[in-house]
Amino acid sequence: MDSLPYLDQLIERFRAFPGVGEKSARRMAFFLLQQPTPWVESLAEILRGAREHIHPCPICGALTDRDPCPLCSDPGRRSELLCVVETPEDCIALEQSGVFRGRYHVLGGRVSPLEGEQIPPERLDALRQRIQDGGIGEVILAMNPRVEGDLTAFTVQESLAGLPVKLSRLACGLPVGGSIGFADRVTLHVAMEARQPFSSEEI
Ligand SMILES: [Zn+2]
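Numbering-wise (my numbering), the sequence shown opens with residue 42 and increments by one.
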């Protein structure tokens, strides 16, 4: 069969997506080619619109189509609580969980010596500046519970040294609905270390 350059390019583009291999990329390309023309045109329009309008909020770094974003401008959120996350996706996950009603600061990177990754220095500078501007009482480090998350948290902690702010880090341990019997050693260790006071009055 002759090569079809457009099909090859489609597959190549889909393969660039995270977690998509050759087979999935091929399926996505064939799916796309089977859709009616208006569907494909509207997808192209959505892609163009998303690229054009969605950008990092100049204050917190979350993805938004407004300046500043609703997370920064909502007067109902607690401005004295600042949750530091690695990526804009982390903001979305925390928002969907509904567990946090403060402000955010997206680092836009993490510390990973193996993969040569660092936190962009300008995002650390911006974090320091936000704290120096006042009004923030507690910085919550919401890093992933793995080695890179630990290194990232330590780096943020170091860069905030001397600033008048309380630092905390998300507790982690047993997943809700999980089972102690299936938890790995590290998870159990962290769960034990992050144990909370418990009394019958709280039940
Ligand atoms: Zn924002």
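All residues carry an ideal CB built from backbone N, CA and C; glycine is no exception.
On a predicted model such as this, the values are computed, not experimentally measured, just so you know.
Beta-bridge pairing of residue i - partner residues as DSSP gives them
i           : result
residue 147 : 126
residue 209 : 181
residue 158 : 153
residue 105 : 96
Pair within 8 Å by beta-carbon distance, residue i and residue j
i           : j           : result
residue 151 : residue 122 : no
residue 208 : residue 180 : yes
residue 178 : residue 206 : yes
residue 70  : residue 55  : yes
residue 161 : residue 147 : no
residue 168 : residue 125 : yes
residue 98  : residue 109 : yes
residue 228 : residue 214 : yes
residue 201 : residue 172 : yes
Residue i, DSSP secondary structure in three states
i           : result
residue 14  : Residue 14 falls outside the range modelled here, since the chain spans only 42 to 244, and no answer is possible.
residue 44  : coil
residue 243 : Any answer about residue 243 is weak, because its pLDDT of 46 lies below 50 and its placement is not dependable; what the coordinates show is given next. Helix at residue 243.
residue 119 : strand
residue 202 : coil
residue 139 : coil
residue 90  : helix
residue 85  : helix
residue 238 : coil
residue 214 : coil
Length of the line joining the Cα atoms of residue i and residue j
i           : j           : result
residue 73  : residue 89  : 17 Å
residue 86  : residue 136 : 27 Å
residue 219 : residue 134 : 19 Å
residue 119 : residue 101 : 14 Å
residue 184 : residue 79  : 42 Å
residue 49  : residue 93  : 26 Å
residue 44  : residue 52  : 12 Å
residue 140 : residue 91  : 28 Å
residue 105 : residue 149 : 14 Å
residue 38  : residue 189 : Nothing can be reported for residue 38, as the shown portion of the chain is limited to 42 through 244.
residue 61  : residue 204 : 43 Å
residue 164 : residue 158 : 14 Å
residue 132 : residue 112 : 10 Å
residue 231 : residue 68  : 41 Å
residue 191 : residue 170 : 23 Å
residue 224 : residue 46  : 48 Å
residue 6   : residue 76  : Residue 6 cannot be examined here, being either before or after the span of the chain that is shown, 42 to 244.
residue 114 : residue 142 : 12 Å
residue 197 : residue 238 : 28 Å
Residue range of the unbroken alpha helix (DSSP H) whose run includes residue i
i           : result
residue 112 : 111 to 114
residue 221 : Taken as a continuous stretch (DSSP letters only), residue 221 belongs to no alpha helix (DSSP H), as it is neither H nor E.
residue 61  : Careful: residue 61 lies outside any alpha helix (DSSP H) and carries neither H nor E.
Min CB distance residue i to chain C below 8 Å
i          : result
residue 47 : The structure shown contains no chain C; it is built from a single protein chain.
What residues does ligand 3 have around it, judged by CB closer than 6 Å to any heavy atom, in chain order? In terms of ligand content, the structure shown lacks ligand 3 and carries ligand 1 instead.
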